[in-house]
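First residue of the sequence shown: 412, per our numbering; consecutive thereafter. Glycine residues also receive a C-beta, built at the ideal position from the N, C-alpha and C atoms. Read through the structure below, which is laid out as structure tokens, and then see the notes.
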Amino acid sequence: MINKAKLRELICAALSESSQSIIDAEVDRHAIDMLPQLEKLTTYPDWHSRHDTLADIDFMILRINSNKVFEQNLRDALINYLKLDSQDSRPSWFVGAHWDDEDQTSRFLDQGIWENGYDEKYSHLVKSIKVGDKIAIKSTYTRKKNLPFESRGHSVSVMAIKAIGVVTENKKDGKLISVEWKQSTQQQREWYFYTGRQTIWKVEPGEWIANGLLNFTFYEQEQDYKRFMNHNFWKERFGNTPEEDIRFKWTKFYESIADALLVYIDRRAELSSFIVDLAAKHKLSYLYDKGIEDID
412 MINKAKLREL ICAALSESSQ SIIDAEVDRH AIDMLPQLEK LTTYPDWHSR
462 HDTLADIDFM ILRINSNKVF EQNLRDALIN YLKLDSQDSR PSWFVGAHWD
512 DEDQTSRFLD QGIWENGYDE KYSHLVKSIK VGDKIAIKST YTRKKNLPFE
562 SRGHSVSVMA IKAIGVVTEN KKDGKLISVE WKQSTQQQRE WYFYTGRQTI
612 WKVEPGEWIA NGLLNFTFYE QEQDYKRFMN HNFWKERFGN TPEEDIRFKW
662 TKFYESIADA LLVYIDRRAE LSSFIVDLAA KHKLSYLYDK GIEDID
């Protein structure tokens, strides 16, 4: 979130560009008054396209100076900075909605909530969710056919985005949060390759792969399939390498794994503990929810 020093810098720059001036004490007073209001306004994921939030920002700027050039310059600079700041810092949450053998999506949307279906599991993650964080209800599965790219018969991990919103309250009980869900008539959109199967998946911006998912989910940008298909993790199955060049390459990988596992032939508990720790550290979706007793 923007701080007083940065806000003061933007105000002073806009004043200078419009040949306006006010005393330093007034600049400080306006910055202090604006900070809590801006923090509240930018909790909405679509704040920069909402007429009410933009009108509030315009009113705050007008209270500083009514010069039209100043108003426009500060408005543009402030909105651009806040958009970049919100994208670069806040984590987002991708959550499941299927428990007790029922899809809870409709209930969550109707009641303006999201609820953790476990009593203890994931409670620490739920408690860490903050007001203003973006959240999406997702469903994860695999598919071989009817894909928007050539899969060569391989299964692809798919994550459907069923609803998006912003957190408005956290009950801090590890189970329930309040959400302002965005109403949309669009069909659910599907994202491929980089998916999370766990019930709660925290995605932090920074790497291109995470940024792509966040922009797709919350800003309706299209996924760059080719970039994912040619990433090292998926390239042999989906990339531009000719099919005849990739046959049987996987055998050397599994031979190496088998040879390395022989070292642990009489140390199964040690190996299982290492795998669980590794999965937790890197949030490996195919192992993250498993315990030692699940690994054979």
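Q: Return the CA-CA distance between Glu561 and Ser430, expressed in angstroms with no decimal places.
A: The sequence position of residue 561 within the sequence shown is 150, counting from 1. The sequence position of residue 430 within the sequence shown is 19, counting from 1. Looking at the two C-alpha atoms, the distance is approximately 58 Å.
Q: Taking only runs that begin and end inside the stretch 489-574, name each unbroken alpha helix (DSSP H) of 4 or more residues, in chain order.
A: 516-522, 534-539
Q. Is the beta carbon of Ile611 less than 8 Å from the beta carbon of Tyr533?
A. Position 200 of the sequence shown, counted from the start, is the residue given in the question as residue 611. Position 122 of the sequence shown, counted from the start, is the residue given in the question as residue 533. In contact: Ile611 and Tyr533 (Cβ atoms closer than 8 Å).
Q | Nearest neighbour of Thr628, chosen from Gln609, Asn641, Tyr605 [CA to CA] | A | Within the sequence shown, numbered from 1, the residue matching residue 628 stands at position 217. Checked all of Gln609, Asn641, Tyr605; the closest Cα to Thr628 is Tyr605.
Q) Would you say Lys541 and Asn581 are within 8 Å of each other, going by their C-beta atoms? A) Here residue 541 refers to the residue found at position 130 of the sequence shown. Here residue 581 refers to the residue found at position 170 of the sequence shown. Yes, they are a contact pair.
Q: Can you tell me the Cβ-Cβ gap for Arg600 and Ile572, rounded? I've got them flagged as a contact below 8 Å.
A: On the sequence shown, position 189 is the one that residue 600 refers to. On the sequence shown, position 161 is the one that residue 572 refers to. Confirmed, about 5 Å.
Q. When the distance is taken between beta carbons, is Phe505 closer than 8 Å to Gly607?
A. For the purposes of this step, residue 607 is taken as the residue at position 196 of the sequence shown. For the purposes of this step, residue 505 is taken as the residue at position 94 of the sequence shown. Yes. Within cutoff.
Q | Identity of the residue in Ala466, Asp512, Pro502, Ile422 nearest Ile755 by Cα | A | Here the chain covers residues 412 to 707 and nothing more, so residue 755 does not appear.
Q: Would you list the one or two residues that DSSP bridges to Lys613?
A: What you label residue 613 is simply residue 202 of the sequence shown in a count that begins at 1. Per DSSP, Trp504.
Q. From Tyr603 to Tyr665, what distance separates their C-alpha atoms?
A. Your numbering for residue 603 matches position 192 in the sequence shown. Your numbering for residue 665 matches position 254 in the sequence shown. If I take the Cα positions, the gap works out to 25 Å.
Q. In three-state terms, what does DSSP make of Gly576?
A. Working through the sequence shown from its first residue, we reach residue 576 at position 165. Looking at Gly576 - three-state DSSP - the assignment turns out to be strand.
Q: Determine the contact status of Ser589 and Gly523, defining contact as a CB-CB distance below 8 Å.
A: For this step, residue 589 is matched to residue 178 along the sequence shown. For this step, residue 523 is matched to residue 112 along the sequence shown. Cβ atoms of Ser589 and Gly523: closer than 8 Å.
**Q.** Nearest-angstrom Cα separation, counted from Ala669 out to Ser683
**A.** Start at 1 with the first residue of the sequence shown, and residue 683 comes out as number 272. Start at 1 with the first residue of the sequence shown, and residue 669 comes out as number 258. Between Ser683 and Ala669, the C-alpha separation is close to 15 Å.
Q. If you draw a straight line from the C-alpha of Ala691 to the C-alpha of Gly576, how long is it?
A. Numbered from its first residue, the sequence shown carries residue 691 at position 280. Numbered from its first residue, the sequence shown carries residue 576 at position 165. Each residue's alpha carbon lies about 27 Å from the other.
Q. Just how far apart, CA to CA, sit Leu558 and Asn622?
A. Start at 1 with the first residue of the sequence shown, and residue 558 comes out as number 147. Start at 1 with the first residue of the sequence shown, and residue 622 comes out as number 211. Their Cα atoms are separated by approximately 22 Å.
Q | Asp705, DSSP secondary structure in three states | A | Position 294 of the sequence shown, counting from 1, holds the residue named residue 705. Because the pLDDT at Asp705 is just 44, under 50, the model does not fix this residue reliably, and the value given afterwards should be weighed accordingly. Correct three-state label for Asp705: helix.
**Q.** Coarse secondary structure for Tyr605, derived from DSSP in three states
**A.** By one-based count along the sequence shown, residue 605 stands at place 194. Tyr605 falls in the coil class under three-state DSSP.
Q: Report all residues from its chain with a CB closer than 7 Å to the CB of Asp514; omit the five preceding and five following residues, and keep chain order.
A: For the purposes of this step, residue 514 is identified with residue 103 of the sequence shown, where counting begins at 1. Closer than 7 Å at Cβ, skipping near neighbours: Ala508.
Q) Roughly how many whole angstroms lie between the Cα atoms of Ala488 and Met445? A) Counted from its first residue, the sequence shown places residue 488 at position 77. Counted from its first residue, the sequence shown places residue 445 at position 34. One C-alpha to the other measures close to 15 Å.
Q: Using the Cα positions of Ile546 and Asp467, report the straight-line distance between them to the nearest angstrom.
A: Against the sequence shown, residue 546 aligns to sequence position 135. Against the sequence shown, residue 467 aligns to sequence position 56. Spanning the two alpha carbons is a distance of roughly 24 Å.
Q.
If distances are taken between C-alpha atoms only, which option among Pro616, Asp584, Ala425 comes closest to Lys479?
A. Here residue 479 corresponds to residue number 68 of the sequence shown, with the count starting at 1. The residue with the shortest Cα to Cα distance from Lys479 is Ala425.
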